[in-house]
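Numbering (mature numbering (1 follows the signal peptide of the UniProt record, and there is no 0)), first residue to last: -21 to -1, 1 to 873.
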């Protein structure tokens, strides 16, 4: 090739690249809704295979299969889920009908029985695929390559049992329930109202000698024992079921029934409680309950008054009782059957309803506790007190060990100790189960166990426990950065195992890669994550817990690491690595992390989209505190241009600098990639609060942050908007009363009147809201009689006449967090003052729209609102003309 031709080729190539770069464009709403995120990923037990689920927000998901060389070896679409077999030789994929096909049938009002059905694909990883159509349900053995499934319509109840290679098959007719043991290749089957166990290659065993109703069927881990509830009569199964136990596939024997002397009089065996064995199968746990009350059927409904009686001194507020009513009607209390002694014991009672066991039920001691005597007080303290008892699971002997304890005690893995953190003195404690002696492990002077950044009017929370070492030898306690080893009886000084966390400002956290382990072996290599507070980057590290040493970095840098999972029988791992610009594609490596293979290609979705960048910024608040935040800029950012800005925040988010923002039709906030692609800059500032002045604190932090941003020279000062939801919605509503800087504000589900909100109810739980003002996020620090001025000064409603900014409010009428009437008060005040304001109410929705159609609608309207006020786009019809109620079902007004 001549030099001239070569030069022309290079110029054409460069021109092509330039044209390609110029072809990048703004994201559409359809692309946002169809954006594929990785919603599931698994590595096979032998570490040689990986599958993931690529799923759009609306549309058909795809299961992708990769080998350990990084090659894509299978693609299944549309698909719902996948599983590797225990041998790692098969992948099972549940294929679904295409969404368009399903929606078309729904439009035709097709009967449910005639709707398209799923199918099951059995893919042999060495080659070959088999399909089972018309799949109803299936279960796969965790220890062998055996499958049980049902197919066809509801009327078809045949159960098929087969080896995955298809060489061995069997079946049961009229099956209503079935399931494998967790760690044994044995199956229970309820066929024609009779209970069987089935062992592949050996056949079935009849467990029940009578027909009837079987519920809560449960194996021990290896399947040698089977417990179940049985009643011969369907109509009385809820109140007349008895508990049976079958061992080694022999017929079941009655072990407990209604009227047993071990239980309170008239109590029943409860069908609403879990039925499970201790890990060593020496104990069977089940539930009992008072017999359900019966309604008076001799009284007509119209003659029965419908009234609630609220009492000033009830331990649990009536609204909370009402919210929990369905659960309380099914409440049960744990009892136990000791297989060795054959003894039944009632453990939990109405007075002591909460049971906590140790060592997966193997330990002889357990804890019983209650918070009920202190329910009224917790309404305003936002703090539970506990009466705690210790109980012997062999004898039933119990004794009280704590009265009105402000802390909840937990067991060490083997149950040799209980441990707790006491907020009032910021200290960790242990108690020896054997002799009842208590030990104080930390004091505020010797160990900083508490959250150093706490800024709510309450005792700070602890950084927590990192775990225990084997056989309860040591308890591992975290400070802000490091992991410390403590002797549980305080006989020796604590040891900083990670050494350099505070010095380097790296927060270390242990990772338990083996999901079945409950403690850490000090002689084995352990793995940690580390978050660098200075750079906001993260890493994977390794260390041993037998001596203090700085953890060795395996993979660390200016990115975020997540989703680490290890193969059960190999050192292969999968994880994700991301930045704002780098999609969190799945990486395959081993525990050295020296070489990684990127498997997925989710980042390809960004190829034609104007993406963006994220950078850390800092400033000083008006009250002198150093602050950080993140500035997000469009990828084609030009420092000589003037950009519209949206300020979006909640509390503190600077630590999320390297988070990838997956495009989505979000329920409560702007979509960062979408807005960046449309030419906006987004500013996400941190906020730190002072008790009693949450609104002023927000102003002191956010406004100088915006000023520092304007000083950079690329901001259109007349096109700055703000957006927040819930607590963020409150803050932007407050800012609108203090400044004329903003050209538009969207405030989602805000509190605007703290006086009326203080006495409100969180209908999503039935709890009163006063506690969050006195001790929680709303940060007043006292009640309305002690601090009335703070409630008024921090309430935007009382300064609404000062608002000059157009406001879009989104608040839904079924909001269970913030009372809907807060949004109504906001809108009516603005309407009374004739300020430009719009209210979006997604009827029947809670604190944020949950239905995908509503989330898409919210994102469209919010974007149109900001695009109009910040980019001079035409005002949409719904803003200009409204959408009258009579047109609601016919006109969206976009």
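C-beta: ideal position from N, C-alpha, C; glycine also. Keep in mind that this is a model prediction, so the values were computed, not measured.
Excluding residues up to 5 positions away in sequence, 731, 732, 804, 805, 808 lie with their Cβ nearer than 8 Å to the Cβ of residue 776 in the same chain. Scanning 526, 352, 517, 432 for the CA closest to the CA of residue 465 turns up 526. Taking 7 Å as the cut-off, the Cβ atoms of residue 77 and residue 39 count as close. Three or more pairs of CB atoms, one per stretch, sit closer than 8 Å, so the stretch 550 to 560 contacts the stretch 21 to 28. Residue 213 sits in a helix when the DSSP states are folded into three classes.
In this structure, the alpha-carbon of residue 588 lies about 52 Å from that of residue 197. DSSP assignment within the stretch 572 to 634 yields the following whole beta strand (DSSP E) runs of 3 residues or more, N-terminal first: 591 to 599, 605 to 613, 622 to 627. Here residue 682 carries a helix assignment [DSSP, helix/strand/coil]. Of 162, 566, 253, the smallest CA-CA separation from residue 309 is found for 253. In the three-state reduction of the DSSP assignment, residue 19 falls in the strand class, which pools E and B. Apart from the 5 residues on each side of it in sequence, residue 62 sits with its Cβ closer than 6 Å to the Cβ of 71, 119 in its chain, given in chain order. For residue 520, there is no enclosing alpha helix (DSSP H); the residue is part of the beta strand (DSSP E) that begins and ends at 517 to 522. DSSP, read as helix, strand or coil, puts residue 696 in strand. Here residue 481 carries a helix assignment [DSSP, helix/strand/coil]. Here DSSP, grouped into helix, strand and coil, assigns residue 707 to helix. The count of Cβ pairs closer than 8 Å, one atom from the stretch 227 to 239 and one from the stretch 282 to 299, stays below three, leaving the stretches out of contact. A contact between stretches requires three or more CB pairs, one per stretch, nearer than 8 Å, and the stretch 383 to 403 meets this requirement with the stretch 361 to 373.
Between residue 683 and residue 601, the C-beta gap is smaller than 7 Å, which places the two residues in contact. The alpha-carbon separation between residue 530 and residue 657 amounts to approximately 44 Å. Counting along the chain, residue 645 sits inside no beta strand (DSSP E), nor does DSSP assign it H or E at all. When rounded, the separation of the alpha-carbon atoms in residue 843 and residue 67 is 51 Å.
Assigned with DSSP and collapsed to three states, residue 255 falls in strand.
Bounds of the beta strand (DSSP E) holding residue 531 are 531 to 536.
Between residue 211 and residue 189 a beta carbon distance of about 6 Å is seen, short of the 8 Å cut, so the two are scored as contacting. Within the DSSP bridge table, the entry for residue 727 names 704, 789 as partners. Between the beta-carbon of residue 348 and that of residue 336 there is about 13 Å, and that puts the pair past the 8 Å contact cut. Annotation: the continuous alpha helix (DSSP H) that includes residue 767 extends over 767 to 772. In the three-state DSSP reduction, residue 378 falls in the strand class (E or B). Annotation: the continuous alpha helix (DSSP H) that includes residue 843 extends over 831 to 850. Here the stretch 829 to 839 makes contact with the stretch 642 to 653; the two share three or more CB pairs at distances below 8 Å.
Taking the Cα positions, residue 737 is about 6 Å away from residue 748.
Residue pairing by DSSP places residue 197 opposite 206 in a beta bridge. With at least 16 other beta carbons inside 10 angstroms of its own, residue 650 counts as buried. Annotation: residue 394 to residue 327 spans about 19 Å, alpha carbon to alpha carbon. Straight-line measurement puts the Cα of residue 192 at about 6 Å from the Cα of residue 213.
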